[in-house]
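*Asks:*
Protein chains in written order, with our numbering: chain G, 22 to 311; chain L, 47 to 217.
(1) Name the one or two DSSP bridge partners that residue 183 of chain G has.
(2) Evaluate residue 174 of chain L with the Cβ neighbour count: other Cβ atoms within 10 Å of its Cβ, from every protein chain shown; 16 or more gives buried, anything less gives exposed.
(3) Assign residue 164 of chain L to buried or exposed, taking buried as 16 or more other Cβ atoms, counted over all protein chains shown, within 10 Å of its Cβ.
(4) Give the range of the beta strand (DSSP E) segment to which residue 121 of chain G is assigned.
(5) Out of G:294, G:282, G:291, point me to the one whose CA is closest to residue 85 of chain L's CA.
(6) Within the 8 Å Cβ cut-off, does residue 155 of chain L reach chain G?
(7) By the 8 Å beta-carbon criterion, what residues does the stretch 173 to 202 of chain L contribute toward chain G?
(8) For residue 61 of chain G and residue 126 of chain L, I'd like the C-alpha separation in whole angstroms.
(9) For a test of the three-state rule: what should DSSP assign to residue 237 of chain G, helix, strand or coil?
(10) Start and end of the beta strand (DSSP E) containing residue 200 of chain G?
(11) Does the CB of residue 182 of chain G have a neighbour CB from chain L at under 8 Å?
(12) State whether the stretch 250 to 257 of chain G contacts the stretch 228 to 236 of chain G, with contact taken as three or more CB pairs (one from each stretch) at a distance under 8 Å.
(13) Taking only beta-carbon atoms, is residue 255 of chain G less than 8 Å away from chain L?
(14) Against chain L, which members of the stretch 246 to 271 of chain G pass a CB distance test of less than 9 Å?
(15) Have a look at residue 65 of chain L and residue 209 of chain L and give me their C-alpha separation to the nearest angstrom.
(16) Interface residues of chain G around residue 125 of chain L at Cβ under 9 Å?
(17) What is the residue span of the beta strand (DSSP E) that residue 207 of chain G lies within?
(18) Tell whether a beta-carbon distance below 8 Å holds between residue 166 of chain G and residue 216 of chain L.
(19) Mind reading off the beta-carbon distance from residue 94 of chain L to residue 198 of chain L? Whole number of angstroms is fine, and I expect it under 8 Å.
(20) Rounding to the nearest angstrom, what Cα-Cα distance links residue 184 of chain L and residue 274 of chain G in this structure?
(21) Among G:227, G:202, G:263, G:140, whose alpha-carbon lies nearest the alpha-carbon of residue 179 of chain G?
(22) Grab the span of the beta strand (DSSP E) containing residue 166 of chain G for me, first residue to last.
Next comes the structure, spelled out in structure tokens:
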């Protein structure tokens, strides 16, 4: 830049004006984005997932070393408790063997009864197990990024489980990545029932780690310790998937402690039960292929 | 003065550092930590970058860059689009307009002012997200997120300070 005497002052004030204008237009652009997002156009979602897809490989590479270090530390720590763990597992194995016999027996009995009744079974689920690449933190949104998307068969609205317990559902799908909305998120609403007495309710997250039960009938006798499972209403998830236990009943507010521990999730399973359900799906016609 | 192509390239990369590091913080914020209870209150890291560079090198992280970083943050974290952008540009503009006050002041002053900026930003974020979701977000985790953000400042500020010093040495 060459300093030119008179023009410089004018140039500076012009530059300041331009800067102010740019600043104001950026503020308007932010509000515009908020309104656009609120209108929930598919365009916003496509842009979001395009960026997530691009960031997915970066996230995976960046945190690989972190995982390796954590694994090494864990391995050393586990060495110490090896003998105790072994004893515990042997005991547990014996107990589970007994349950396996019972389960096999019940399974054959169930099968025999079903054939007698001409029972139409639920469709067989298919599974996609995938790695959690982003635990997008913060007090405002409870969600996770996984590194599978439409190309692996992940669809919007599918249930996400870890082991046997419910984690959440797929909220957005990109080509290579997808966003899982956790049970505790403020936008999560799930039809559930209390396992013991089949009382139905809607479990609603509120961004705390204890989601609450809404619309529970007052004479349902919910008590702390009762197991809560999916009810299958709305046709989104199959009934009977474990969610958590009732942790407190206070002034008519029932809170649930989910079985899932968010910080331990490294791999999750996306389950496709072939239930198209009431969820809006971008390819509802594909949902009936199974 | 004639500068070689390589030197210009070097300067260009150096000048990308503040924005690049801040963008990196967005990715770090999205990484799974596997620490119990951490994810719900994980700190708002990129805001620290926006604040720091608005004081010391506002030319290298201008409002437009703060907007882009905020957009990236919203997309990766899943917060409603535009919320982080607005917060980052407001924080950037406010800090930059007062930057003369900070120059030459001890670290503790910058830290205290950061606490104020962070409190304002997170409160605004809380109001905006609550409005966009039609639900009042509980305050407790938001408060702890603020505390975490304030606690993270010294470390990141030291890191940025080292980067800044290295940049000055090279220039």
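C-beta: ideal position from N, C-alpha, C; glycine also.
*Replies:* From the atom records:
(1) G:186
(2) buried
(3) buried
(4) It is not in any beta strand (DSSP E) - residue 121 of chain G instead sits in the alpha helix (DSSP H) that spans 103 to 138.
(5) G:282
(6) no
(7) 174, 175, 178, 179, 181, 183, 184, 186, 187, 188, 190, 191
(8) 10 Å
(9) coil
(10) 199 to 203
(11) no
(12) no
(13) no
(14) none
(15) 12 Å
(16) 157, 159, 161, 162
(17) Taken as a continuous stretch (DSSP letters only), residue 207 of chain G belongs to no beta strand (DSSP E), as it is neither H nor E.
(18) no
(19) 6 Å
(20) 16 Å
(21) G:202
(22) 164 to 167
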